[in-house]
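Asks: Got a structure for you, written out below as structure tokens; questions coming shortly.
Numbering (the working numbering), first residue to last: 2 to 550.
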């Protein structure tokens with residue numbers, strides 16, 4: 002009896018130790034993959050739904066959780082800000098990335114979002130390689146993963162655009178890689194390393210870009226089936242250098258003579274190349290198979306959708322074909338992850354940095370209200386008025402990011418009445434065709450602007466990097482000229498601000514919600530899945546409906 006009791010006690014002790022071990026080492030995914038589709042409107046999930054195959058976007062929606070009413074909670078809506086916000090759960094007021102380019106208000110210096118003159122390119126020459134995340138003021142979810150695992154996790158960022166790879170990867174990344182359109186190579190900077198890894202050099206020598214050029218670009222299916230787009234020969238589309246009309250098919254080898262290796266950015270194969278490189282990174286770096294048994298993170302941004310949208314517009318056959326091809330690329334990439342990391346062993350989320358507007362001329366031709374705002378003409382007219390009133394030329398140095406940037410050094414040096422200058426600008430801007438609202442940022446909270454727009458204005462204003470006056474255009478207006486082709490983004494409208502937010506895999510419960518959510522909610526949702534601290538500038542809230550536990 003004593004022996005039986007002793008055995009029972011020993012077994013109970015073993016079970017207790019096993020239970021303690023289980024509670025002290027919580028299960029987590031082997032890999033998190035963030036996919037940002039540059040310039041992807043939310044409605045692209047459904048606009049071409051009937052044409053998607055089963056294992057791409059449809060799989061994401063069926064196996065994953067879609068937050069159907071996710072909006073960007075700041076203005077202006079540009080690439081660098083979007084990537085920063087997605088990964089920090091923060092807004093420009095806090096994370097400091099106030100535009101793709103912004104102006105340091107104290108000096109008037111223009112600064113590119115990832116510009117870092119203290120580093121050198123690795124694999125590329127000149128400014129293209131002098132990039133880092135140092136301008137980003139808050140931590141990212143990738144930084145938090147590094148901190149939570151005592152820097153044992155591997156984090157890598159990849160994008161054709163430097164900002165698309167650098168900002169999501171954060172400050173503590175093992176590497177960020179971007180594409181050099183001059184050489185056709187993937188490069189990085191000395192912020193991360195002194196020499197490219199062997200696998201990157203091997204990829205660069207593989208001739209992948211030329212292989213895609215050799216295929217040319219024709220429509221994936223019979224062009225007559227592209228009924229959700231304008232006719233191929235459309236006046237709203239821009240042309241590639243070297244072609245007479247913006248029409249299919251395209252001989253990319255021939256067009257390469259004009260466009261060089263940069264050309265691939267504005268074809269669907271830029272996305273294919275990016276995902277090829279992402280697979281190579283997973284293989285070479287053993288992402289998802291960390292010897293320390295911690296989660297790794299791969300941040301991928303697909304930039305070609307943005308280049309194509311800017312050039313051809315959202316009504317084009319080119320955009321429809323790009324998303325049909327992207328659907329196939331995503332299906333292939335997820336199948337690769339299933340095989341390499343294991344289905345159910347990784348968490349993937351897909352979102353966008355911003356959307357895009359209809360081409361204003363197209364919209365006008367359909368009898369809708371739309372227009373172009375000429376920032377150069379408006380700035381010139383305002384400066385003439387200010388010169389008459391205050392005796393100084395060029396008091397406004399820029400209207401970039403839909404903001405008024407003053408020459409603060411000149412105003413201080415000449416002891417001018419800054420408040421009077423600002424008041425006069427507000428009065429004059431309100432008279433300009435296409436402008437809906439104007440506010441001095443010191444008076445934004447009390448301005449007669451709809452609450453939702455006012456909140457986005459305040460979130461987007463960084464004291465040291467944003468203009469002191471914000472103007473908001475009417476719907477379907479954007480900065481450009483009447484002969485403009487293609488499209489752009491940057492405003493508060495749903496076409497720019499309503500983005501996809503889909504989660505799939507480990508820790509995610511399939512389903513969807515129409516509850517209003519924000520871009521800032523994505524990072525804390527991933528933090529909740531990983532059971533780590535949110536980024537240090539986070540203002541978002543986890544989307545709890547998406548969580549399996």
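Just so it is clear, CB atoms sit at the ideal spot from N, CA and C, and this is done for glycine as well.
Taking buried to mean at least 16 other C-beta atoms within 10 Å of its own C-beta, is residue 516 buried or exposed?
Replies: The residue in question, residue 516, is exposed, as its Cβ has fewer than 16 Cβ neighbours within 10 Å.
Asks: Name the two residues that bound the continuous alpha helix (DSSP H) containing residue 531.
Replies: Taken as a continuous stretch (DSSP letters only), the alpha helix (DSSP H) holding residue 531 covers 523-531.
Asks: Please go through the same chain and pick out, in chain order, the residues whose beta-carbon is closer than 6 Å to the beta-carbon of residue 22, but skip the five residues on each side of it.
Replies: Note that residue 22 has pLDDT 32, beneath the 50 cutoff, so the model's placement of it is unreliable and the number below is only indicative. Around residue 22: no qualifying Cβ.
Asks: Just to confirm the assignment: which complete alpha helix (DSSP H) runs, minimum length 4, are found wholly within the segment 114-197?
Replies: For the segment 114-197, whole alpha helix (DSSP H) runs of length 4 or above, ordered along the chain, are 142-149, 163-170.
Asks: Could you check what DSSP says for residue 441 in three-state terms: helix, strand or coil?
Replies: Reduced to three states, the DSSP call for residue 441 is strand.
Asks: With burial defined as no fewer than 16 other Cβ atoms inside 10 Å of the residue's Cβ, what is the status of residue 125: buried or exposed?
Replies: Label assigned to residue 125: buried.
Asks: If we ignore side chains and look at the alpha-carbon of each, how far apart do residue 303 and residue 275 end up?
Replies: About 7 Å.
Asks: Taking the continuous alpha helix (DSSP H) assigned at residue 308, which residues delimit it?
Replies: Counting along the chain, the alpha helix (DSSP H) containing residue 308 begins and ends at 305-313.
Asks: To the nearest angstrom, how far is it from the Cα of residue 381 to the Cα of residue 389?
Replies: So the two alpha carbons sit approximately 13 Å from each other.
Asks: At the level of alpha carbons, what is the spacing between residue 144 and residue 522?
Replies: One C-alpha to the other measures close to 17 Å.
Asks: So residue 505 is in the beta strand (DSSP E); what residue range does that whole segment cover?
Replies: Unbroken beta strand (DSSP E) run through residue 505: 502-506.
Asks: Quick one: grab the DSSP three-state call for residue 271.
Replies: DSSP places residue 271 in helix when its eight states are reduced to three.
Asks: Helix or strand or just coil, what does DSSP make of residue 79?
Replies: It is coil, neither helix nor strand.
Asks: Following the continuous alpha helix (DSSP H) through residue 341, name the residue where it begins and the one where it ends.
Replies: From DSSP, residue 341 is part of no alpha helix (DSSP H); its letter is neither H nor E.
Asks: Just to confirm before moving on: does the CB-CB distance between residue 536 and residue 90 stay below 8 Å?
Replies: Cβ atoms of residue 536 and residue 90: closer than 8 Å.
Asks: With residue 132 and residue 167 assumed to form a contact (beta carbons below 8 Å), what rounded beta-carbon distance in angstroms separates them?
Replies: That pair is a contact at about 6 Å.
Asks: For the segment 482-499 against the segment 360-379, are there 3 or more C-beta pairs whose distance is under 8 Å?
Replies: The segment 482-499, when compared against the segment 360-379, does touch it at the 8 Å Cβ threshold.
Asks: Out of curiosity, what's the CA-to-CA distance linking residue 92 and residue 210?
Replies: So the alpha carbons of these two residues sit roughly 36 Å apart.
Asks: Return helix, strand or coil for residue 35, following the three-state DSSP convention.
Replies: Three-state result, residue 35: strand.
Asks: Using the C-alpha atoms, what's the distance from residue 550 back to residue 239?
Replies: Residue 239 and residue 550: Cα-Cα distance of roughly 48 Å.
Asks: Compute the Euclidean distance between the alpha carbons of residue 577 and residue 196, then round it to the nearest angstrom.
Replies: Because residue 577 is not part of the residues shown, which for the chain are 2 to 550, the question remains open.
Asks: How should residue 543 be labelled, buried or exposed, when 16 other C-beta atoms within 10 angstroms of its C-beta is the threshold for buried?
Replies: With 16 or more other Cβ atoms within 10 Å, it is buried.
Asks: Excluding sequence positions up to five away, which residues of its chain have a Cβ less than 7 Å from the Cβ of residue 54?
Replies: Contacts found: 328, 329, 332.
Asks: Give the secondary structure of residue 102 by DSSP, where H, G and I count as helix, E and B as strand, and everything else as coil.
Replies: Note: residue 102 maps to strand in three-state DSSP.
Asks: So, with DSSP's three-state summary, where would you put residue 402?
Replies: Helix at residue 402.
Asks: Using only CA atoms, which one of 63, 64, 68 lies nearest to residue 43?
Replies: When each option's Cα is compared against that of residue 43, the closest is 68.
Asks: For the beta strand (DSSP E) containing residue 65, name the first residue and the last one.
Replies: Unbroken run through residue 65: none, as it is neither H nor E.
Asks: Straight-line CA distance for residue 344 to residue 502?
Replies: Their Cα atoms are separated by approximately 20 Å.
Asks: Considering only their Cβ atoms, is the gap separating residue 470 from residue 423 smaller than 8 Å?
Replies: Their beta carbons are under 8 Å apart, which means residue 423 touches residue 470 by this criterion.
Asks: For residue 4, count the other beta carbons within 10 Å of its own beta carbon; 16 or more makes it buried, fewer makes it exposed. Which is it?
Replies: Because residue 4 sits at a pLDDT of 40, beneath the cut-off of 50, its placement in the model cannot be relied upon, and the following sentence gives the value as read from the coordinates. With fewer than 16 Cβ atoms within 10 Å of its Cβ, residue 4 is classed as exposed.
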